[in-house]
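Student:
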Ligand SMILES: Cc1cc2nc3c(=O)[nH]c(=O)nc-3n(C[C@H](O)[C@H](O)[C@H](O)COP(=O)(O)OP(=O)(O)OC[C@H]3O[C@@H](n4cnc5c(N)ncnc54)[C@H](O)[C@@H]3O)c2cc1C
Ligand code: SF4
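In the numbering used here, the protein residues as written are 255 to 763.
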């Protein structure tokens, strides 16, 4: 069939399908592809616009933020108690957050899967049973190892510091083909080298006959006699892309793939998961920090693949270190000071290196209905994780100092500027409230968890809601715990497995 924009449609829109998939991101795209390929008629509804790669490849960073990122990248989880307020970013575009990733691909670690088997009532989720889905997805999106030659100097300097401690970085794998190392992955790859789902699963689903309709905001799942029979919402064809006409799609099966930030809202509005203590609760985020360091030598960290290497050497302390570099204009804006002070720091830009890390968190996020379209999300960081954030900052700074950095810029609001080795080491991190720490996240997970019963989970091991037949959830919200590694590959493999199971279950008459 086709990609089409409901913004160009006048008035109300009513459609019919075997399966309606809500959300066109990493998980929705996979499910749409698998089901359409098996002969079921699939309609995918996406709230955001469709921006073809030819268009986003020409966008400036601010245009990408405005058109493809939800809320221009300003979404936050508000810190409660001694917790940081965390900037949590996601996509709102055909292809979802997949279009904005750094391309990093990790399989779900075996230790995490065993924990799901043992502690979360999911005995069928062993490594061996997930292997086929991982192999399949990796092949479809071309997961490859980033060669050392593509590492940025910011990364090789960090590796130098790691080696001084007898450790070393390991190469990352990414879903790329023909990457030229321009470091713009988070704003849509201008080279079409990152095989996000808008360039892989979605066009293949459309080729097989699926319809992908953008500018469709789904507000409720429709049900009849305990079974999902479609969805309703608004067509975003009003002035300025605001809600205009009514939207209704009749379907024999409903698949929710809105991401962990929005799925609980939609389920709650539809009366699903009411009995569950898990809906909208215990969201995990992989809270992360990035550390900047100034070297005497030129770094020009923007040259090279944005993310190329990682370390699990500190996994026992709940830390995963991952290379990162954001475009120089954004780095410049985050350097401390104002006026002449900021200018002095900005002039250091070519000598600034950056490396990041995230913590394997327990999950303290809660999603509640907000006054408008977006939810209000709060995050109460677990006491153990508060120590981990401080540990992460100390570790990133120490490794760069070992590599020869002259100044360290900890991501803490209100510090006067760069700190030399003595000043950094004497900084009493424990006495600084976490509300001053700059913490970000790109990985919300776990707000409609999968599990063995409807009290502690929202969907069963097949992704089907406990209290509404033929309603499936396949996105990051079903992931029962944080993973400790970037989640897109896990989410896509889970969605593949669930899609294969759905394919083999006859649709209701
Ligand atoms: C900047 C950034 C960088 C990242 N880098 C990496 C990385 O390198 N490696 C990695 O593994 N992961 C990365 N991630 C995370 C990864 O992209 C996500 O974990 C993954 O895409 C989540 O998949 P999903 O299907 O759950 O949701 P998404 O991919 O976010 O898709 C959800 C879609 O549903 C739509 N939607 C929501 N509500 C509605 C509604 N009511 N009606 C209609 N449509 C709706 C949204 O607009 C969105 O398009 C990154 C994320 C970001 C934002
Ligand atoms: S580094 Fe550049 S070419 Fe490579 S995937 Fe990222 S945006 Fe595309």
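By construction, the Cβ of each residue, glycine as well, lies at the ideal position given by its N, Cα and C atoms.
So, does the segment 288-299 touch the segment 521-530, judging by three or more C-beta pairs under 8 Å?
Tutor: The segment 288-299 makes no contact with the segment 521-530, as fewer than three CB pairs between them are under 8 Å.
Student: Whole angstroms is fine: what's the gap from residue 613's alpha carbon to residue 313's?
Tutor: For the purposes of this step, residue 613 is identified with residue 359 of the chain shown, where counting begins at 1. For the purposes of this step, residue 313 is identified with residue 59 of the chain shown, where counting begins at 1. Taking the straight line joining both Cα atoms gives about 32 Å.
Student: Please determine whether the Cβ atom of residue 427 lies at a distance below 6 Å from any heavy atom of ligand 2.
Tutor: Taking the chain shown and counting its residues from 1, the one referred to as residue 427 is at position 173. No, since every heavy atom of ligand 2 falls outside the 6 Å radius drawn around the Cβ of residue 427.
Student: Just to confirm, does residue 512 get its C-beta within under 6 Å of one of the non-hydrogen atoms of ligand 1?
Tutor: Taking the chain shown and counting its residues from 1, one reaches residue 512 at position 258. Correct: residue 512 has its Cβ closer than 6 Å to ligand 1.
Student: Within the present structure, is the beta-carbon of residue 430 separated from the nearest heavy atom of ligand 2 by less than 6 Å?
Tutor: Against the chain shown, residue 430 aligns to sequence position 176. Result yes, Cβ under 6 Å from ligand 2.
Student: Beta carbon of residue 344: closer than 6 Å to some heavy atom of ligand 1?
Tutor: Residue numbering aside, residue 344 sits at position 90 when the chain shown is read from its first letter. Checking every heavy atom of ligand 1 against the Cβ of residue 344, one is found closer than 6 Å.
Student: Considering only heavy atoms of ligand 1, does any lie closer than 6 Å to the CB of residue 311?
Tutor: The sequence position of residue 311 within the chain shown is 57, counting from 1. Not under cutoff, so the answer is no.
Student: Specify whether the segment 596-616 and the segment 540-553 touch according to this definition: at least 3 beta carbon pairs, one from each stretch, less than 8 Å apart.
Tutor: yes
Student: Tell me whether residue 667 is buried or exposed, calling it buried when 16 or more other Cβ atoms sit within 10 Å of its Cβ.
Tutor: By 1-based counting over the chain shown, the position of residue 667 is 413. Per the 10 Å Cβ criterion, exposed.
Student: Taking 6 Å as the cut-off, is the CB of residue 563 close to at least one heavy atom of ligand 2?
Tutor: Taking the first residue of the chain shown as position 1, residue 563 is located at position 309. Checking the Cβ of residue 563 against ligand 2 gives no.
Student: Between the beta-carbon of residue 533 and the beta-carbon of residue 348, is there less than 7 Å?
Tutor: Residue numbering aside, residue 533 sits at position 279 when the chain shown is read from its first letter. Residue numbering aside, residue 348 sits at position 94 when the chain shown is read from its first letter. No, these two residues do not count as a Cβ contact at 7 Å.
Student: Count the CB pairs spanning the segment 723-736 and the segment 506-518 that are closer than 8 Å, and state whether there are at least three.
Tutor: yes
Student: In the DSSP assignment, what are the bridge partners of residue 643?
Tutor: Sequence index remark: in the chain shown, residue 643 carries index 389 (1-based). Residue 643 pairs with nothing; no bridge assigned.
Student: At the level of alpha carbons, what is the spacing between residue 336 and residue 638?
Tutor: Taking the chain shown and counting its residues from 1, one reaches residue 336 at position 82. Taking the chain shown and counting its residues from 1, one reaches residue 638 at position 384. If you take the alpha carbons of residue 336 and residue 638, they lie about 12 Å apart.
Student: May I ask you to report which of helix, strand or coil DSSP gives residue 552?
Tutor: As a first step, residue 552 must be located in the chain shown, where it is residue number 298. Residue state for residue 552 is assigned as coil, using DSSP reduced to three classes.
Student: Evaluate the contact criterion for the segment 452-465 versus the segment 360-368: three or more CB pairs, one atom per stretch, below 8 Å.
Tutor: Counting C-beta pairs closer than 8 Å gives fewer than three between the segment 452-465 and the segment 360-368, which falls short of the contact rule.
Student: Do you know whose CA, among 274, 296, 311 and 585, lies nearest residue 445's CA?
Tutor: Position 191 of the chain shown, counting from 1, holds the residue named residue 445. It is 311.
Student: Check residue 425 in the structure and name its three-state DSSP category.
Tutor: Numbered from 1 along the chain shown, position 171 holds the residue referred to as residue 425. Residue 425 falls in the strand class under three-state DSSP.
Student: So what's residue 398 in DSSP terms, helix, strand or just coil?
Tutor: Taking the chain shown and counting its residues from 1, one reaches residue 398 at position 144. DSSP places residue 398 in the strand class (E or B) of the three-state scheme.
Student: Locate the alpha helix (DSSP H) running through residue 756, then write down its first and last residues.
Tutor: Here the question's residue 756 lines up with position 502 in the chain shown. Taken as a continuous stretch (DSSP letters only), the alpha helix (DSSP H) holding residue 756 covers 742-758.
Student: When you compare only the Cα positions, how much space is there between residue 744 and residue 361?
Tutor: Counted from its first residue, the chain shown places residue 744 at position 490. Counted from its first residue, the chain shown places residue 361 at position 107. Going from the Cα of residue 744 to the Cα of residue 361 covers about 6 Å.
Student: Quick check for students: name the residue ranges of the alpha helix (DSSP H) that lie wholly in the segment 529-608, counting only runs of 4 or more.
Tutor: 582-588 and 593-600
Student: Nearest-angstrom Cα distance between residue 491 and residue 470?
Tutor: The residue labelled residue 491 in the question sits at position 237 within the chain shown. The residue labelled residue 470 in the question sits at position 216 within the chain shown. One C-alpha to the other measures close to 9 Å.
Student: Tell me whether residue 599 is buried or exposed, calling it buried when 16 or more other Cβ atoms sit within 10 Å of its Cβ.
Tutor: For the purposes of this step, residue 599 is taken as the residue at position 345 of the chain shown. Result: buried.
Student: Under the rule that 16 or more other beta-carbon atoms within 10 Å means buried, what is residue 540, buried or exposed?
Tutor: Within the chain shown, residue 540 is the residue found at index 286, counting from 1. That one is buried.
Student: Residues in its own chain within less than 7 Å of residue 378 by CB, not counting five upstream and five downstream?
Tutor: One-based indexing of the chain shown puts residue 378 at position 124. Hits under 7 Å: 715.
Student: If contact is defined by three or more beta carbon pairs under 8 Å, each pair taking one atom from either stretch, is the segment 465-485 in contact with the segment 679-695?
Tutor: no
Student: What do you reckon, are the CB atoms on residue 415 and residue 654 nearer than 7 Å?
Tutor: Stepping through the chain shown from its first residue, residue 415 is reached at position 161. Stepping through the chain shown from its first residue, residue 654 is reached at position 400. A contact, by the Cβ cut-off of 7 Å.
Student: Mind reading off the beta-carbon distance from residue 615 to residue 731? Whole number of angstroms is fine, and I expect it under 8 Å.
Tutor: Along the chain shown, read from residue 1 onward, the residue named residue 615 stands at position 361. Along the chain shown, read from residue 1 onward, the residue named residue 731 stands at position 477. Under the criterion of beta carbons closer than 8 Å, residue 615 and residue 731 do not qualify as touching, at roughly 16 Å.
Student: Which of helix, strand or coil does DSSP assign to residue 484?
Tutor: Along the chain shown, read from residue 1 onward, the residue named residue 484 stands at position 230. In the structure shown, residue 484 sits in a strand (DSSP, three-state: E or B).
Student: Rounded to whole angstroms, how far is the Cβ of residue 749 from the Cβ of residue 285, which I believe are closer than 8 Å?
Tutor: Against the chain shown, residue 749 aligns to sequence position 495. Against the chain shown, residue 285 aligns to sequence position 31. That belief holds up - the Cβ atoms of residue 749 and residue 285 are roughly 5 Å apart, short of 8 Å.
Student: For residue 628, does the three-state DSSP call read helix, strand or coil?
Tutor: Position 374 of the chain shown, counted from the first residue, corresponds to residue 628. The answer is coil: DSSP assigns residue 628 none of H, G, I, E or B.
Student: Does DSSP put residue 315 in a helix, in a strand, or in coil?
Tutor: Translated into the one-based positions of the chain shown, residue 315 becomes position 61. Residue 315 falls in the helix class under three-state DSSP.
Student: Along the chain, where does the alpha helix (DSSP H) that runs through residue 787 open and close?
Tutor: Since the first and last residues shown for the chain are 255 and 763, residue 787 lies out of range.
Student: By how many angstroms is the C-alpha of residue 451 removed from the C-alpha of residue 300?
Tutor: Translated into positions along the chain shown, residue 300 becomes position 46. Translated into positions along the chain shown, residue 451 becomes position 197. Looking at the two C-alpha atoms, the distance is approximately 13 Å.
Student: Let me know the secondary structure DSSP gives residue 258 once reduced to three states.
Tutor: For the purposes of this step, residue 258 is identified with residue 4 of the chain shown, where counting begins at 1. It is a strand residue.
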